[in-house]
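S.K.:
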Amino acid sequence: SAVISQKPSRDICQRGTSLTIQCQVDSQVTMMFWYRQQPGQSLTLIATANQGSEATYESGFVIDKFPISRPNLTFSTLTVSNMSPEDSSIYLCSVEDIPPSIGYTFGSGTRLTVV
Amino acid sequence: AQSVTQLDSQVPVFEEAPVELRCNYSSSVSVYLFWYVQYPNQGLQLLLKYLSGSTLVESINGFEAEFNKSQTSFHLRKPSVHISDTAEYFCAVSDRGSEKLVFGKGTKLTVNP
């Protein structure tokens with residue numbers, strides 16, 4: 001499985017500001033995924049990021065609020081923009097396992113608190 | 116559309132007792148099934164997965180899950196739990212040919228001494 005380094009691990013931010021989360025993978029991967037885990041809830045897919053193209057967002061998530069960059073096959077960023085307390089969540093990046101393995105590996109997550 | 120139902124949000128058990136965490140899914144196509152574990156203040160770790168073949172899959176730490184196609188279930192079991200098994204467990208499904216994972220709401224397992 002790939003090894004994912006996600007930064008920062010946690011942050012406390014003021015409302016109205018933005019935070020950029022970084023996800024670095026130790027191998028080249030085609031797709032990277034960004035999830036949100038709200039307090040006491042399950043994981044919800046925000047978007048899928050392919051290198052060289054715009055991210056594909058799931059219903060309820062928009063690019064203006066969660067812009068994503070994917071400059072190469074080992075790196076991606078997710079920005080949470082104009083934050084409000086409702087954005088307080090754990091944000092996780094994920095990659096597909098390298099074939100022939102089938103599955104997904106997750107980063108350790110970014111715990112965001114908006115005050 | 117896919118969905119995953121974890122019937123129990125919280126399961127308290129005593130140490131060395133058996134446990135079953137239930138998971139049912141809905142999908143119109145063949146699926147891959149996963150159980151992930153999230154220890155307190157940590158990310159998700161893969162516990163086990165069903166891709167094809169034998170319907171009973173096992174993890175290295177004593178958990179097992181059985182794929183039951185007729186009941187669309189993938190329940191997780193362990194015959195004797197340890198306090199260190201205290202964590203949140205997520206069941207997830209992916210349609211074959213799709214890259215998207217859909218998660219259940221999770222079951223918080225608490226093992227008491």
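Here the protein sequences line up with chains F and L, keeping their order. Following the numbering used here, the numbering of the first sequence begins with 1 at its first residue and continues without gaps. Following the numbering used here, the numbering of the second sequence begins with 116 at its first residue and continues without gaps. From the three backbone atoms N, C-alpha and C, an ideal C-beta is built for every residue, glycine too.
(1) Using only the alpha-carbon positions, how far apart do Arg15/F and Ala49/F sit?
(2) At the level of alpha carbons, what is the spacing between Phe66/F and Ser213/L?
(3) For the stretch 56-86 of chain F, list the alpha helix (DSSP H) runs that are entirely contained and at least 4 residues long, ordered along the chain.
(4) Take Leu166/L as the anchor and find which of Asn183/L, Gln125/L, Ala132/L and Arg192/L has the nearest alpha-carbon.
(5) Name the chain L residues whose beta carbon is nearer than 9 angstroms to that of Thr48/F?
(6) Keeping to the same chain, check which residues put their C-beta closer than 6 angstroms to that of Val3/F; ignore five residues upstream and five downstream.
(7) Which residues does DSSP list as the beta-bridge partners of Cys23/F?
(8) Check whether the Cβ atoms of Leu161/L and Tyr154/L lie closer than 9 angstroms to each other.
(9) In chain order, what residues of the same chain have a beta carbon less than 6 angstroms from the beta carbon of Val172/L, not counting five sequence neighbours either side?
(10) Is Phe33/F near Tyr91/F, with beta carbons less than 9 angstroms apart?
(11) Enumerate in chain order the residues of its own chain whose CB-to-CB distance from Asn72/F is below 7 angstroms, with the five nearest sequence positions on each side excluded.
(12) Taking C-alpha atoms, which residue in Gly177/L, Ser195/L and Phe218/L lies nearest to Cys138/L?
(13) Short check: CB of Gln28/F to CB of Thr77/F, under 9 angstroms?
(14) Taking the beta carbon of Ala202/L as the centre, do at least 16 other beta carbons fall within 10 Å, making it buried, or is it exposed?
(15) Quick check on the burial criterion: 16 or more other C-beta atoms within 10 angstroms. Buried or exposed for Ile63/F?
(16) Is Lys184/L close to chain F, meaning its C-beta is less than 9 angstroms from at least one C-beta of that chain?
(17) Verify the CB distance criterion: does Leu161/L have a CB-CB separation below 9 angstroms to chain F?
(18) For the structure I just gave you, are there three or more beta carbon pairs, one from the stretch 105-113 of chain F and one from the stretch 6-15 of chain F, closer than 8 angstroms?
(19) Taking Cβ positions only, does Leu166/L come closer than 9 angstroms to chain F?
M.R.: If we stick to the structure as given:
(1) The residue you call residue 15/F lines up with position 15 of the first sequence. The residue you call residue 49/F lines up with position 49 of the first sequence. Each residue's Cα considered, the two are about 26 angstroms apart.
(2) Sequence index remark: in the first sequence, residue 66/F carries index 66 (1-based). Sequence index remark: in the second sequence, residue 213/L carries index 98 (1-based). One C-alpha to the other measures close to 23 angstroms.
(3) Not a single unbroken stretch of the alpha helix (DSSP H) spanning 4 or more residues falls wholly within the stretch 56-86 of chain F.
(4) On the second sequence, residue 166/L is found 51 positions in, with the first residue counted as 1. It is Asn183/L.
(5) In the first sequence, the residue the question calls residue 48/F occupies position 48. By Cβ distance, chain L contributes Glu214 and Lys215.
(6) Start at 1 with the first residue of the first sequence, and residue 3/F comes out as number 3. So the list reads Asp26, once near-sequence residues are dropped.
(7) Numbered from its first residue, the first sequence carries residue 23/F at position 23. For Cys23/F, which the question treats as bridged, DSSP gives the partners Gln6/F and Ser76/F.
(8) The residue you call residue 161/L lines up with position 46 of the second sequence. The residue you call residue 154/L lines up with position 39 of the second sequence. No, Cβ-Cβ distance for Leu161/L and Tyr154/L is not below 9 angstroms.
(9) Locating residue 172/L in the second sequence gives position 57, where the first residue counts as 1. If we look at Val172/L and ignore the five residues flanking it on each side, its Cβ neighbours are Leu163, Tyr165 and Ala180.
(10) Along the first sequence, read from residue 1 onward, the residue named residue 33/F stands at position 33. Along the first sequence, read from residue 1 onward, the residue named residue 91/F stands at position 91. The answer is no: Cβ separation not under 9 angstroms.
(11) Counting from one through the first sequence, the residue named residue 72/F turns up at place 72. Excluding sequence neighbours, Asn72/F sits near Gln51.
(12) Translated into the one-based positions of the second sequence, residue 138/L becomes position 23. Nearest C-alpha to Cys138/L: Phe218/L.
(13) Taking the first residue of the first sequence as 1, we reach residue 28/F at position 28. Taking the first residue of the first sequence as 1, we reach residue 77/F at position 77. The answer is no: Cβ separation not under 9 angstroms.
(14) Walking along the second sequence from the start, residue 202/L turns up at place 87. With 16 or more other Cβ atoms within 10 Å, it is buried.
(15) As a first step, residue 63/F must be located in the first sequence, where it is residue number 63. So Ile63/F counts as exposed.
(16) For the purposes of this step, residue 184/L is taken as residue 69 along the second sequence, with counting starting at 1. Answer no: the Cβ-Cβ gap between Lys184/L and chain F never drops below 9 angstroms.
(17) Start at 1 with the first residue of the second sequence, and residue 161/L comes out as number 46. Cβ-Cβ to chain F under 9 angstroms: yes for Leu161/L.
(18) yes
(19) As a first step, residue 166/L must be located in the second sequence, where it is residue number 51. True, the Cβ-Cβ gap to chain F drops below 9 angstroms.
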